[in-house]
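Q: Start counting the sequence shown at 1; every next residue gets the next number (this note's numbering).
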Amino acid sequence: MNITGNTVFIPGATSGIGLALALRLRDAGNTVIIGGRRTDLLQQLAAEHGLDAVTVDTTDPSSVLAARDTVLARRPELNVLVTMAGIMAVEDVRSAGFLAVAERVVDTNVLGPLRLISAFIEHLQTRPQATLMTVSSGLAHIPLAGVPTYNGSKAFVHRFSESIRL
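(1) Please classify residue 151: is it buried, with 16 or more other beta-carbons within 10 angstroms of its beta-carbon, or exposed?
(2) Alpha carbon to alpha carbon, how far is residue 112 from residue 58?
(3) Determine the direct distance from the alpha carbon of residue 66 to that of residue 117, and round the result to whole angstroms.
(4) Please state whether DSSP places residue 230 in a helix, a strand or coil.
(5) Below 7 Å CB to CB, which residues in the same chain sit around residue 92 once its five sequence neighbours on both sides are set aside?
(6) Give me whichever residues DSSP pairs with residue 52 in a beta bridge.
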């Protein structure tokens with residue numbers, strides 16, 4: 001990937017590593033669109049940092065498709081997708097609420113990136129210098145106690161990404 005001159009969409013860039021990556025890419029001369037569920041926060045960050053913003057909930061297939069349509073209408077030159085959105089939840093497999101927590105983590109951390117890739121891949125295939133970047137975690141390789149589904153979800157993203165390298 002060229003480090004400059006790209007148009008980049010980063011769902012999950014409203015805080016932490018995602019926001020830091022968005023700002024670094026902006027500073028390197030890229031047009032950056034951040035995505036997230038909280039429209040008010042997105043608008044604030046866009047105004048503060050000179051970014052574009054699109055509301056997207058990666059757990060909702062219709063929201064992902066609507067975000068794709070909005071991003072491509074505003075920025076048809078989009079050539080980089082970074083799947084950053086993710087959650088980490090402490091869980092106890094012995095508790096009654098374990099499955100609900102695990103399903104929420106899988107929906108966000110596994111199905112979210114798949115929804116985004118599915119929504120944008122056709123467009124990305126038409127763009128020169130297109131890049132699909134997925135973000136995993138070191139916990140995919142060295143798990144942390146108390147967050148087993150998170151560990152597994154990041155291992156999935158890592159292995160999936162290795163499998164689709166083009």
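Cβ coordinates follow ideal geometry from the N, Cα and C atoms, glycine included.
A: In short, the structure shows the following:
(1) As a working note, residue 151 is residue 151 in the sequence shown. Buried, because 16 or more other Cβ atoms sit within 10 Å of the Cβ of residue 151.
(2) Position 112 of the sequence shown, counting from 1, holds the residue named residue 112. Position 58 of the sequence shown, counting from 1, holds the residue named residue 58. Looking at the two C-alpha atoms, the distance is approximately 5 Å.
(3) Your numbering for residue 117 matches position 117 in the sequence shown. Your numbering for residue 66 matches position 66 in the sequence shown. Those two C-alpha atoms are separated by around 14 Å.
(4) Outside the shown range of the chain (1 to 166) lies residue 230, about which nothing can therefore be said.
(5) Here residue 92 corresponds to residue number 92 of the sequence shown, with the count starting at 1. The answer, listed in chain order, is 98.
(6) The count along the sequence shown starts at 1 and reaches residue 52 at position 52. DSSP output for residue 52 lists 33 as bridge partner(s).
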